[in-house]
Structure formats: C-alpha cells, structure tokens
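First residue of the sequence shown: 1003, per this note's numbering; consecutive thereafter.
Step one of this worksheet: look at the structure below.
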Amino acid sequence: MNEYEKLLLQNKAWAKERLDIDPDYFNRQAHVQKPEFLWIGCSDSRVPANEVTNTQPGEIFVHRNVANLVVNTDLNMLSVLKFAVEVLEIKHVIVSGHYGCGGIKAAMTNNHYGLLNKWLRNIKDVYRLHSDELIAIEDNEIRTNRLVELNIIEQVYNLAKTSIIQKSWAKNQSPILHGSVYSLENGIMNDLITLDSLSSIPDVYRFNFDEDETDD
Ligand code: CO
C-alpha cells in the first residue's frame, strides 16, 4: 500500500469515527457553511488552521500560501477574500504566520530560487522597510523571527489597502483584521495587530467609492 492509499483508508476511518460520535455530523455539514473567520496562513504543513484553533470543519474559511502573503495582484487570494467578505460575511480575517517560517528564511538569503524569487520578493520588500531594526539584531534566529512578525503586520495592512475590505468597512463596519504569530515550539498563537477602520491606514491608500460602484 502506498502513502496515498493509506491516506484514503485513514479518511474512511475518520469518517466512521465522526459518525460513531455523532450520527448527524455529515448531514449538518453538507447543508451549511457559515464560518466567522477567514484564515490566511502559511502553507507549512505544521500549522493547520482547524487543528491549532481547536475548531471544526465549517468554522474557518482558509487560504494558505508560502509565508502567508497578501499580494494585491494575487487573483487567488483576492477571490477568496471577496467571497469570504461579500458572500460568507465573515467577521474576522486572520493573517496567521509562524516562527521559523521557511519562506521568511529563504527571503533573507541571497540564494536564487527560480520562480519562487518572484514570490519571496514581497518579503524582501518588508525587510527593506524595516532594515534598520532588523540589521541591528545580531542573532540570526531572533532576526528571522522578528521579520516573521513584521511580515504578518505588513500583510494585515495590505488587506486594509484592498477595495474589498474598504468597501465592507464602509458598508458593514466589518470584518476586523488580525495578525497573529504561531509558535511551532509550544503551539501558542500570539496576537500582533488588529485593524478595524480606515483610520488605521495612511490617507493615500483610502478609496472614495461611488454609490453604485460594483467593480473591485
Ligand atoms: Co511558513
């Protein structure tokens, strides 16, 4: 049996276990999706949204990419964000990064990673914005983990710069944007930043919307 076949077997065992505990489990899940949270996390296999927050399927809408970036030309992320905000009407968006992130480590080197260079460039820009603070940190691991935090905070600001979030703020005073950092060593998520209104971003990023404008 190969790994994939083993995975399918584990899935069957899991489904049976759910039903044994709660015969209505899948009936309920099949009809409703009303999550309150959008999770924008790192693709790292050690930080699964539901497990680390002790939540069930149906509770968190999830988007993950290398180093939990919010890039304003990323159609994938923007589509998830638009659906989560406008259709699911989620109440909170969480940018969730983690200490020891491989994407952050890679961005801090001068190594050439082919296609990945284009993605990691976004992190190098965050480094440049905070280079005075970062260069002053002598310990490499501490410097890396500080960039992990600064990157999360920057991505939360990137969310606030999108017209999707700004329109929703104007209309519903929602969602609240959060940045949190997860420790692989103790499993704890610590809050870094919360944004919930236009006043939290510089004026130049704020849009004036026409009454009936529907485009993003
Ligand atoms: Co990572």
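Glycine is no exception: its CB is placed at the ideal position from the N, C-alpha and C atoms.
Say the cut is 8 Å; is the CB of S1045 nearer than that to a heavy atom of ligand 1?
As a working note, residue 1045 is residue 43 in the sequence shown. Under cutoff, so the answer is yes.
Would you mind working out which of N1142, D1193, L1197 sits nearest A1163, comparing C-alpha positions?
Residue numbering aside, residue 1163 sits at position 161 when the sequence shown is read from its first letter. The sequence shown places Lys at residue 1163, not Ala. The residue with the shortest Cα to Cα distance from K1163 is L1197.
Have a look at Q1035 and F1209 and give me their C-alpha separation to the nearest angstrom.
Translated into the one-based positions of the sequence shown, residue 1035 becomes position 33. Translated into the one-based positions of the sequence shown, residue 1209 becomes position 207. Going by the C-alpha atoms only, they are around 31 Å apart.
Need the endpoints of the alpha helix (DSSP H) that Y1129 sits in, please.
In the sequence shown, the residue the question calls residue 1129 occupies position 127. That run of the alpha helix (DSSP H) goes 1118-1131.
Taking only three categories from DSSP, how would you classify R1148?
Counted from its first residue, the sequence shown places residue 1148 at position 146. Here R1148 sits in helix by DSSP.
Tell me, to the nearest whole angstrom, how far the beta carbon of C1103 is from that of A1069; I am working on the premise that it is less than 8 Å.
The residue labelled residue 1103 in the question sits at position 101 within the sequence shown. The residue labelled residue 1069 in the question sits at position 67 within the sequence shown. Going by Cβ atoms, the distance from C1103 to A1069 rounds to 6 Å, so yes, they are a contact pair.
Counting only the same chain and skipping the five closest in sequence on each side, list residues whose C-beta sits under 8 Å from that of L1080.
In the sequence shown, the residue the question calls residue 1080 occupies position 78. N1074, T1164, I1166, D1218, listed in sequence order.
Check for me: the beta strand (DSSP E) holding N1067 runs from which residue to which?
Counted from its first residue, the sequence shown places residue 1067 at position 65. Counting along the chain, the unbroken beta strand (DSSP E) around N1067 starts and ends at 1062-1067.
Residue burial classification, D1022 (beta-carbon count within 10 angstroms, cutoff 16):
Here residue 1022 refers to the residue found at position 20 when the sequence shown is read from its first residue. D1022 should be labelled exposed.
Where DSSP assigns a beta bridge to N1192, which residues make up the other side?
Taking the sequence shown and counting its residues from 1, the one referred to as residue 1192 is at position 190. According to DSSP, N1192 bridges with V1183.
Is the Cβ of N1142 closer than 9 Å to any Cβ of chain D?
Absent from the structure is chain D; it holds one protein chain and no more.
Please find out if some non-hydrogen atom of ligand 1 comes closer than 8 Å to the beta-carbon of V1206.
In the sequence shown, residue 1206 corresponds to position 204, counting from 1. Because no heavy atom of ligand 1 lies under 8 Å away, the Cβ of V1206 does not count as near it: no.
According to DSSP, is G1104 part of a helix, a strand, or is it coil?
On the sequence shown, position 102 is the one that residue 1104 refers to. Here G1104 sits in helix by DSSP.
What three-state label does DSSP hand F1209 in the structure shown?
As a first step, residue 1209 must be located in the sequence shown, where it is residue number 207. F1209: coil per DSSP, three-state reduction.
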